[in-house]
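Working notes, beginning with the structure itself.
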Amino acid sequence: MSRTFLLLVAAAAVAQAVDKRQAFNQSIPPTTTLNGSVIENPTAFATPFVLNVEDLWDLLVGPVSSASITTTISATTVPSSSLIPPPPLYYSPFPSGQQYPMEPKNESWSFPKDFWWGVAGAAYQIEGAAKSEGRGPSVWDVFTHRVTDFVVNNYTADISNNNYYMYKEDIARIAAMGVKAYSLTLSWSRIMPFGRGPVNQEAIAHYNDVINTCIEYDIIPIVTLFHWDLPLVLQDTYGGWLSEQIVADFVAYAKVAFAAYGDRVTYWFTVNEAIVFCNEYPYPAGYFKNFTIPNQQQPFHCGQSVLLAHSQAYRLGKEMMPNATIAYKNNGGYKIPLTNSTGDAVAVQRAWDFNEGWFSDPIYLTGDYNENVKAYVSTFLRPFTEGEKQTILGSADLYAHDAYTAQFYFAPDVGVAACVNNASNSLFPTCANTSYTYSAQDGGWAIGAYSDPLASWLHKTTDWLPAFLHYLADTWAGGRPIAVSEFGFAEPFEAQKTVLQDILYDPIRTSYYHDYMRAMLIAMSEGVNVVGCLAWSLYDNFEWSSGFAVKFGMQYVNFSDPALPRYYKASFFEYKNVFDIYQEK
């Protein structure tokens, strides 16, 4: 039986189910908050599934693995021996082995008392419990189970860190390190297994307890609504983010989340790194319903839907939670012209325009695309209406950016103008080349220390961070505060290490955090209003197409042990140490 036939059967059944649910037009029960007030949930259709969730897994994904722990476990006290920091990285060359003293405190630097420093994780990457308690499949379950070699070593996230059942332990461990904020994401397909319609009350209860556990440990919960794990039904029904049909479904999902958790969650991110997940389109052929949109145009159809969905969810959120801070989460590295040529300067501007500016210009500056993006997308996308522009413009309370690194840009060999006029050029439509080394005239040196080969885009470029933060503040923030919503480093070849103490000693990542935080302090001392930062990641996890073969975690997880024990790495202590020294008490 062909997958296409199965998809048609599944889609027809889902459509029938939606029609029946709409006929009932019943509301799910309202959510009672911690303080006893009631927030009305949106209208949803709480009727029996015609095609149940198990059918979706069986038809479209197949068998999944389960962890040895399948019930929520209580936190254990972190032993004091685990909280002993490592010795400083640098040692005196003298025979006595005398360590250098700790560097003196710079009295002109400080983090305000209310600066929230924290760690981040994402539902699909850490939760595991793939089918547990009614979760529906996402597109990533198809990528990992059906698309051979889409992920290194064909890893899956079926179990991953088993955070779904071990979250109390995980929150207790970051609290023991003094962490002030935890950025978590909700799984859309766990809360709404079909992406629309019925709400899974087990999922609502689960995330309630995750949020409450954060609060119990005096940790600020920061919630992201979408971090790439698109409900599979929405992709197979109408193309997911390729269709503007997703806007209403995303807003309905956002309303469920705001209603359930808005009395306790102050900080929200609507969408994480659309630049990345939109550029995943087109999806691998043969595994999803076919759509006729040309491949080169698909990322921009996705981007249009994201801007509409984000902005409408933001406006709804501000109605429901007037005091909440809600933002879109952008990403990208600092962009530096390789040479002082005019061509390289133009290439850098186009790189900004087609990356950060693709979403930041509409949200923060104009309500519409910048001129370079518009010149391309106007040939196939409908223009935003005036009402949509007004909704998009200003739909963020802070400027949130995932700021890991920097890179050089230079003009195509044929020149920028020739590239722009040739849609078959491999660099079209951005028409900018990337380099991670200085020009030959400048010696050809690497821009910074290399990370793991599976994260070839990432280098230790912390010296560029002050300029990067100034650029974000001057170009888009417009007086809004800035949050560095992700940053981190993949220690080279860490996945090949086998000795525990060798794994826990991560000198390049430790140096990255040391230098990154001091660079941030420099920018803040120069007037950039940074209000928080979130390190990626709280521990090693499923890193998308790299699976478990690349490590970003500040904690090691032994994935070979069914108990999945966690261990602090040296980098976590370095990150903490900066705030021990510089945060106002």
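Going by mature numbering (1 follows the signal peptide of the UniProt record, and there is no 0), the letters in the sequence shown line up with residues -17 to -1, 1 to 568, in that order. Idealized CB from N, CA, C, for every residue including glycine.
Residue burial classification, residue i (beta-carbon count within 10 angstroms, cutoff 16)
{"i": "P345", "result": "buried"}
{"i": "S64", "result": "exposed"}
{"i": "F363", "result": "exposed"}
{"i": "residue 590", "result": "In the structure as shown, the chain starts at -17 and stops at 568, and residue 590 therefore has no counterpart that could be examined."}
{"i": "K568", "result": "exposed"}
{"i": "T368", "result": "exposed"}
{"i": "A456", "result": "buried"}
{"i": "E152", "result": "buried"}
{"i": "K552", "result": "buried"}
{"i": "L225", "result": "buried"}
{"i": "Q484", "result": "exposed"}
{"i": "S520", "result": "buried"}
{"i": "Q479", "result": "exposed"}
{"i": "D327", "result": "buried"}
{"i": "Q295", "result": "buried"}
{"i": "G370", "result": "exposed"}
{"i": "N136", "result": "exposed"}
{"i": "S75", "result": "With a pLDDT of 44 at S75, under the threshold of 50, the modelled position of that residue is not reliable, and no figure is offered here."}
Short Cβ contact (8 Å threshold) for residue i with residue j
{"i": "L348", "j": "V216", "result": "no"}
{"i": "Y148", "j": "I56", "result": "yes"}
{"i": "Y496", "j": "Y558", "result": "yes"}
{"i": "R549", "j": "V561", "result": "no"}
{"i": "S166", "j": "A103", "result": "yes"}
{"i": "A502", "j": "P449", "result": "yes"}
{"i": "R406", "j": "L452", "result": "First, the residue type needs correcting, since residue 406 is Ala and not Arg in the sequence shown. Result no, Cβ atoms of A406 and L452 do not sit closer than 8 Å."}
{"i": "E339", "j": "N306", "result": "no"}
{"i": "A158", "j": "L66", "result": "no"}
{"i": "S121", "j": "S49", "result": "no"}
{"i": "P46", "j": "R118", "result": "no"}
{"i": "V467", "j": "L517", "result": "yes"}
{"i": "G94", "j": "Q566", "result": "Note that residue 94 is Phe in the sequence shown, not Gly. The answer is yes: Cβ separation under 8 Å."}
{"i": "R129", "j": "I198", "result": "no"}
{"i": "I202", "j": "I154", "result": "yes"}
{"i": "F531", "j": "Y138", "result": "yes"}
{"i": "A415", "j": "V533", "result": "no"}
{"i": "F472", "j": "S434", "result": "yes"}
For residue i, three-class secondary structure by DSSP
{"i": "F342", "result": "helix"}
{"i": "R173", "result": "helix"}
{"i": "V134", "result": "coil"}
{"i": "I154", "result": "helix"}
{"i": "K312", "result": "strand"}
{"i": "N183", "result": "coil"}
{"i": "F556", "result": "helix"}
{"i": "K443", "result": "strand"}
{"i": "Q9", "result": "Caution applies to Q9, whose pLDDT of 33 falls short of 50 and renders its modelled position unreliable; the model cannot decide the point."}
{"i": "T168", "result": "strand"}
{"i": "F94", "result": "strand"}
{"i": "R333", "result": "helix"}
{"i": "Y488", "result": "coil"}
{"i": "Y270", "result": "coil"}
{"i": "Y297", "result": "helix"}
{"i": "Y200", "result": "coil"}
Residues that DSSP places opposite residue i in a beta bridge
{"i": "E469", "result": "D385"}
{"i": "P320", "result": "Y392"}
{"i": "S418", "result": "F391"}
{"i": "V250", "result": "For clarity, residue 250 is Tyr in the given sequence; the question names Val instead. According to DSSP, Y250 bridges with I205 and T308."}
{"i": "W519", "result": "A103"}
{"i": "P214", "result": "S121"}
Inter-residue CB distance, residue i and residue j (contact presumed, cutoff 8 Å)
{"i": "H388", "j": "H442", "result": "Looking at the sequence itself, residue 388 is Thr, so the reference to His does not match. Indeed they touch by this definition, with Cβ atoms about 6 Å apart."}
{"i": "K318", "j": "W335", "result": "6 Å"}
{"i": "S529", "j": "L437", "result": "5 Å"}
{"i": "Y244", "j": "V289", "result": "Actually they are not in contact, since the Cβ atoms of Y244 and V289 sit about 22 Å apart, beyond 8 Å."}
{"i": "D219", "j": "F271", "result": "6 Å"}
{"i": "D385", "j": "E509", "result": "The Cβ separation is near 22 Å, so there is no contact."}
{"i": "E477", "j": "I486", "result": "7 Å"}
{"i": "A164", "j": "E116", "result": "Contact doesn't hold; Cβ gap of about 27 Å is too wide."}
{"i": "A292", "j": "L381", "result": "No, A292 and L381 are not in contact; Cβ-Cβ is about 19 Å, not under 8 Å."}
{"i": "G111", "j": "S143", "result": "4 Å"}
{"i": "C402", "j": "F411", "result": "6 Å"}
{"i": "N524", "j": "I109", "result": "5 Å"}
{"i": "F98", "j": "V514", "result": "6 Å"}
{"i": "T445", "j": "D489", "result": "Wrong, their Cβ atoms sit about 16 Å apart, outside the cutoff."}
{"i": "G222", "j": "F260", "result": "Their Cβ separation, rounded to whole angstroms, is 14 Å, which puts G222 and F260 out of contact at 8 Å."}
{"i": "T308", "j": "T249", "result": "6 Å"}
{"i": "Q281", "j": "Y264", "result": "4 Å"}
{"i": "R333", "j": "V399", "result": "7 Å"}
{"i": "S343", "j": "W459", "result": "5 Å"}
Residue i: CB within 7 Å of a non-hydrogen atom of the ligand ATP
{"i": "R501", "result": "The ligand ATP is not among the ligands present in this structure, which contains no ligands whatsoever."}
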